[in-house]
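So the sequences go chain by chain: A and B. The opening residue of the first sequence carries number 9 in this note's numbering; numbering runs sequentially from there. The opening residue of the second sequence carries number 26 in this note's numbering; numbering runs sequentially from there.
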Amino acid sequence: MALSGIQIYKMLPQTNCKDCGFPTCLAFAMKLAAKQVELADCPHVSDEAKAELAESAAPPIRLVTLKANGHEVKAGNEVVLFRHEKTFYHKPGLFIRVRDDESADDIKAKVGAADAYSVNYVGIDLTIDGFAVESVSGDPAAFKAAVEAVRAASDRPLVLIGSDPSALEAGLGALDGEAPLIHGATADNWEAMADLAKASGAALTVVGNTLDELADLTGQVQGKGVEDMVLAPSALEMSTSLMLSTQSRRLALKKNFRPLGYPSIAFPGDAGDPARESMLAAQAIAKYVGFIVLDTFAPEQIYPLLVLRENVYTDPQKPIQVQPGLYEINGPSADDPLLVTTNFSITYFSVANEVENTGLPAWLLVSDAEGMSVLTAWAAGKFDAERIAKDVKNFSVADKVSQHRIVLPGHVAVLSGELEEELPGWQVLVGPREAVDIPQYMKEAL
Amino acid sequence: MPVEIPKDKWPGAVRTITLGATEAEGGTRTSVVTVGGQTALPFMHFESEVPHRPVVAIEIKDSRPDDWSPLLLEAWGDVVDDPAAWAKAAEEAGAELIELMFSLNDADGNPITADHAVETVKAVLGATGLPLLVFGPGQADVDNEILVPVAEAAKGERLVLGICEDKNYRTIVAAALANDHLVSARTAMDVNLAKQLNILISDMGLPLERVLMDPTTGALGYGIVYGFSVMERLRLAALQGDAMTQLPMVVTPGFEAWKTKESKVGEGVPDSWGDWEARSINWEVLTAITLLESGADIVVLRHPESVRRVKAAIEELMAVPELA
Ligand code: B12
Ligand code: SF4
Numbered sequence: 009m010a011l012s013g014i015q016i017y018k019m020l021p022q023t024n025c026k027d028c029g030f031p032t033c034l035a036f037a038m039k040l041a042a043k044q045v046e047l048a049d050c051p052h053v054s055d056e057a058k059a060e061l062a063e064s065a066a067p068p069i070r071l072v073t074l075k076a077n078g079h080e081v082k083a084g085n086e087v088v089l090f091r092h093e094k095t096f097y098h099k100p101g102l103f104i105r106v107r108d109d110e111s112a113d114d115i116k117a118k119v120g121a122a123d124a125y126s127v128n129y130v131g132i133d134l135t136i137d138g139f140a141v142e143s144v145s146g147d148p149a150a151f152k153a154a155v156e157a158v159r160a161a162s163d164r165p166l167v168l169i170g171s172d173p174s175a176l177e178a179g180l181g182a183l184d185g186e187a188p189l190i191h192g193a194t195a196d197n198w199e200a201m202a203d204l205a206k207a208s209g210a211a212l213t214v215v216g217n218t219l220d221e222l223a224d225l226t227g228q229v230q231g232k233g234v235e236d237m238v239l240a241p242s243a244l245e246m247s248t249s250l251m252l253s254t255q256s257r258r259l260a261l262k263k264n265f266r267p268l269g270y271p272s273i274a275f276p277g278d279a280g281d282p283a284r285e286s287m288l289a290a291q292a293i294a295k296y297v298g299f300i301v302l303d304t305f306a307p308e309q310i311y312p313l314l315v316l317r318e319n320v321y322t323d324p325q326k327p328i329q330v331q332p333g334l335y336e337i338n339g340p341s342a343d344d345p346l347l348v349t350t351n352f353s354i355t356y357f358s359v360a361n362e363v364e365n366t367g368l369p370a371w372l373l374v375s376d377a378e379g380m381s382v383l384t385a386w387a388a389g390k391f392d393a394e395r396i397a398k399d400v401k402n403f404s405v406a407d408k409v410s411q412h413r414i415v416l417p418g419h420v421a422v423l424s425g426e427l428e429e430e431l432p433g434w435q436v437l438v439g440p441r442e443a444v445d446i447p448q449y450m451k452e453a454l
Numbered sequence: 026m027p028v029e030i031p032k033d034k035w036p037g038a039v040r041t042i043t044l045g046a047t048e049a050e051g052g053t054r055t056s057v058v059t060v061g062g063q064t065a066l067p068f069m070h071f072e073s074e075v076p077h078r079p080v081v082a083i084e085i086k087d088s089r090p091d092d093w094s095p096l097l098l099e100a101w102g103d104v105v106d107d108p109a110a111w112a113k114a115a116e117e118a119g120a121e122l123i124e125l126m127f128s129l130n131d132a133d134g135n136p137i138t139a140d141h142a143v144e145t146v147k148a149v150l151g152a153t154g155l156p157l158l159v160f161g162p163g164q165a166d167v168d169n170e171i172l173v174p175v176a177e178a179a180k181g182e183r184l185v186l187g188i189c190e191d192k193n194y195r196t197i198v199a200a201a202l203a204n205d206h207l208v209s210a211r212t213a214m215d216v217n218l219a220k221q222l223n224i225l226i227s228d229m230g231l232p233l234e235r236v237l238m239d240p241t242t243g244a245l246g247y248g249i250v251y252g253f254s255v256m257e258r259l260r261l262a263a264l265q266g267d268a269m270t271q272l273p274m275v276v277t278p279g280f281e282a283w284k285t286k287e288s289k290v291g292e293g294v295p296d297s298w299g300d301w302e303a304r305s306i307n308w309e310v311l312t313a314i315t316l317l318e319s320g321a322d323i324v325v326l327r328h329p330e331s332v333r334r335v336k337a338a339i340e341e342l343m344a345v346p347e348l349a
């Protein structure tokens, strides 16, 4: 937890020597508490105080980064329990699991498809983050071969799963210069697992049924010099996993309880049933989990999860928006139709995608509605006849289109009269209410 | 190391509200549904008992919907032409409540009438013993025109009447007051608007034990997070003791999810969207689960498979953890 200026002051030399540029140690301490200066600016601070201050400056939930071949997946460093209090920062990594009793070809096929998967949502390309490889055969050579098969098909970060340190060691041997996650250390094997993590630079999960067990293990593993840990509560039932992830997040944030100040991992794939798996994953996304391991890779399952993740981790202070302006779709010329919409990303992409899919050239005026949807902006007075007319002028629309005819979203049909007044000589048409119906409308009415 | 678990102790509680009335209570329902009563955030069993589980309502229409995804029409089959049969099928599909939602026009394309509405409500009440939510098409004047006679005809049933908004709450609340019904108060995703409407409604003398609130929601990908956060804020305010937010929340993930392109359209969409039907059901289910996590007490769904899944999730969420 952040220390107060007074607490910091007590750790300083208290000589008021001014070498830091401040008249007193107290003044410097106040600046330090406000994070406006660096501790290093005081040349006289003791090593002991340095260590203590560094510890207190550490985030309540440690940031753990998995790395491979230029890819990174981060979890942790969160600061709130509810997104409206600020925002959630690090989107949970989604990993697809394979097992070492599957053939190398099967693994490559599954991993290859998942690795190549990408879906566009409001202009953002969403992908999964990595793969998990589980040792079920008990044979280190088989596990190593499975890891190699994954690596042959993807260069994304990995989670290596197994209870036998020698199998995991063999798997780690197939990786070079990466920071994977090892799952996981239990009360029985934590020493060997911690040694393995320490030697390989991997992060390590600690596995337990209760927060007591998890807290014990993080303490023990840390004693071995491993800092990057991830909590793996064994619960699968929705109520138990919700309880544990809420409790550990609260303990970390509200009590600065270091033994649980780590991100967590969940295994919805253990459900065995895709329908239940996706519900468990949805809860994990909404409720604080940092790494999520799935067994099912199917576009119809992964797409909604990726969208949910994107939504939950959107900063509530900043609606995702696009630049207002006059957009060209399918290379329009002067006599092609003109439609108008708002600059809320979801709105813009809903409309732009439909127009683009028709293959018909068109102009799309994206009005500056402060990033709001059509009806929200209309209700808030940010998307009215005056605003649209202003944007028609601002973006010199009249110079680019010859028809002087503009199509309004169906939901704001009420604007058509006023807009005709604001834009003398223009014809105002009312389009369909939903973007899905734009193609038919453009083909029939424009 | 025994970890000391911090427990939130809240001064406030969500009101307990019962929908429907049995014969003994002046209605004709064979069962009633009680929601609310929470004294902690959703499913925090270790802090206090969760007195009532969230419930699933199924939305049915008064006539064959003309703007529904073909997948839904296929899933329900012929019953969509007969609201009474549809209500029965919904009950069989696991509905705990039925939401009868009127369209602007009847099957022949003519504007609906009060008589049509009353007859339909009577037929549905006759076909199912479940409590009923009756919603107008959402156009204030039409809602008023049909909901008042419906309220009178079903006096004593403890129906939930909606949509009760700032534009028409006076009429709807008066009809509920006079005929022993409840209302569903809808506002546009805003804590203060929700409070204001609840104040106006309670000022008219309707006890808050007869008010549900609908903070409005959006589908996954189309505004869900705004709904999610507003519901979290409303529930936090309720637990902190703000009386005008202490109402159970009803939301319509079915309506929202099935209006998205992901659910409505099967062809000419990116391959990365995957199988149409599985995607659509996931869309509805994930929308509903996310809202349950943020405090929904009633989720109104459309697809029978979504109902099955969401009910299974509620079952799991209501299982009291052994360690608690
Ligand atoms: C999310 C949301 C919000 C978010 C804002 C999100 C944002 N960045 O815009 C928040 C919570 C901030 C918000 C606030 C408000 N909201 Co609001 N909000 C919604 C909600 C739930 C979803 C809106 C959305 O994102 N839709 C998705 C986008 C893609 O839809 P769209 O922009 O309309 O685009 C579609 C079509 O219009 C069409 N289309 C778009 N452009 C074009 C162009 C052409 C040519 C054509 C043909 C078609 C077309 O294609 C798109 C896809 O089909 C709706 C209710 C709902 N479930 O729909 C209420 C809603 C829009 N809000 C409403 C209101 C009243 C408000 C507030 C005024 C209330 C308040 N809280 O004070 C404020 C205003 C904001 C302010 N004062 O700052 C009302 C509007 C009512 C009305 N009819 O006037 C609604 C309908 C809720 C309701 N039922 O009462 N809101
Ligand atoms: S340099 Fe260090 S010791 Fe000197 S005044 Fe600044 S804080 Fe105090």
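Where a beta carbon is used, it is the ideal one built from N, C-alpha and C, also for glycine.
Please list, in chain order, the chain D residues whose beta carbon lies closer than 9 Å to that of residue i.
i, result
"A:Ala149", "The chain labelled as chain D is not found among the protein chains of the depicted structure, namely A and B."
Go through its chain and collect everything with a Cβ distance to residue i's Cβ below 6 Å, but skip five positions before and after it.
i, result
"A:Thr23", "none"
"A:Leu454", "Pro345"
"A:Asp296", "A small correction: the amino acid at residue 296 of chain A is Tyr; Asp does not occupy that position in the sequence shown. Result list for A:Tyr296: Ser253, Arg257, in chain order."
"A:Pro369", "Asn338, Gly339, Pro340, Asp344"
"B:Val104", "Ala110, Trp111, Ala114"
"A:Asp55", "none"
"A:Val444", "none"
By the criterion of Cβ-Cβ separation under 9 Å, what are the contact partners of residue i in chain B?
i, result
"A:Gly227", "Met26"
"A:Pro324", "Val250, Tyr251, Ser254"
Counting only Cβ pairs nearer than 8 Å, list the residues of chain B close to residue i.
i, result
"A:Ala388", "Within 8 Å Cβ-Cβ: nothing; A:Ala388 doesn't reach chain B, min ~10 Å."
"A:Ile354", "Gly246, Tyr247, Gly248"
Can you find the residues in the same chain that come closer than 8 Å, C-beta to C-beta, to residue i, ignoring five residues on each side of it along the sequence?
i, result
"B:Ala349", "No answer about B:Ala349 holds up, because its pLDDT of 47 lies below 50 and its placement is not dependable."
"A:Tyr125", "Thr135, Ile136, Phe305, Pro307, Ile310"
"A:Ser410", "Ala342, Asp343"
"A:Gly433", "His412"
Spatial neighbours of residue i within its chain, please: CB distance less than 7 Å, with the 5 preceding and 5 following residues excluded, ordered by chain position.
i, result
"A:Ala289", "Pro276, Ile300, Leu302, Leu313"
"B:Val351", "Nothing can be reported for residue 351 of chain B: it is not among the residues displayed for chain B, which extend from 26 to 349."
"A:Ile396", "Val348, Ser375, Leu427"
"A:Gly333", "Val374, Phe403"
"B:Val146", "Leu125, Val159, Val175, Ala178, Ala179"
"A:Val144", "Arg107, Asp108, Asp109"
"A:Gly181", "Lys152"
"A:Val130", "Ile328, Ser353, Ile354, Phe357"
"A:Ala83", "Val72, His98, Pro100, Gly101, Pro271, Gly298, Phe299"
"B:Met214", "Pro240, Thr241, Tyr251, Gly252, Val255"
Below 8 Å on C-beta distance, what does residue i contact in chain A?
i, result
"B:Asp300", "Ala306, Pro307, Glu308"
"B:Ala303", "Ala306, Glu308, Gln309"
"B:Glu74", "Result: empty, since nearest Cβ-Cβ is about 13 Å, beyond 8 Å."
"B:Trp308", "Pro312"
Check the Cβ of residue i against every Cβ in chain A and list those closer than 9 Å, keeping chain order.
i, result
"B:Ala344", "Glu245, Met246, Ser247, Thr248"
"B:Lys286", "Ser358, Asn361, Glu362, Glu442, Ala443, Val444"
Using the DSSP secondary-structure output, state which residues sit across from residue i in a beta bridge.
i, result
"B:Thr43", "B:Thr59"
"A:Ala42", "Answer is none; A:Ala42 lacks a bridge partner."
"B:Lys86", "B:Met126"
"A:Glu80", "A:Lys75"
So residue i contacts chain A; which residues on that side make the cut at Cβ distance below 7 Å?
i, result
"B:Ala263", "The premise fails here: B:Ala263 is roughly 14 Å from chain A at the closest Cβ pair, so nothing lies under 7 Å."
"B:Pro31", "Arg258, Leu259, Lys262, Lys263"
Residue i touches chain B at which residues, Cβ-Cβ below 7 Å?
i, result
"A:Val438", "Ordered by position in chain B, no residue passes the 7 Å Cβ test against A:Val438, which lies about 18 Å from the chain."
"A:Phe90", "Glu257"
Who's in the neighbourhood of the ligand SF4, going by beta-carbon under 6 Å from any heavy atom, listed in chain order? A:Leu20, A:Pro21, A:Thr23, A:Asn24, A:Cys25, A:Lys26, A:Asp27, A:Cys28, A:Phe30, A:Cys33, A:Phe36, A:Cys50, A:His52
Any contact of the segment 234-253 of chain A with the segment 288-295 of chain B, i.e. 3+ C-beta pairs under 8 Å? no
Does the segment 39-58 of chain B touch the segment 85-100 of chain B, meaning 3 or more C-beta pairs lie closer than 8 Å? no
Across the segment 227-235 of chain A and the segment 326-338 of chain B, are there enough close Cβ pairs to call them in contact, namely three or more that are closer than 8 Å? no
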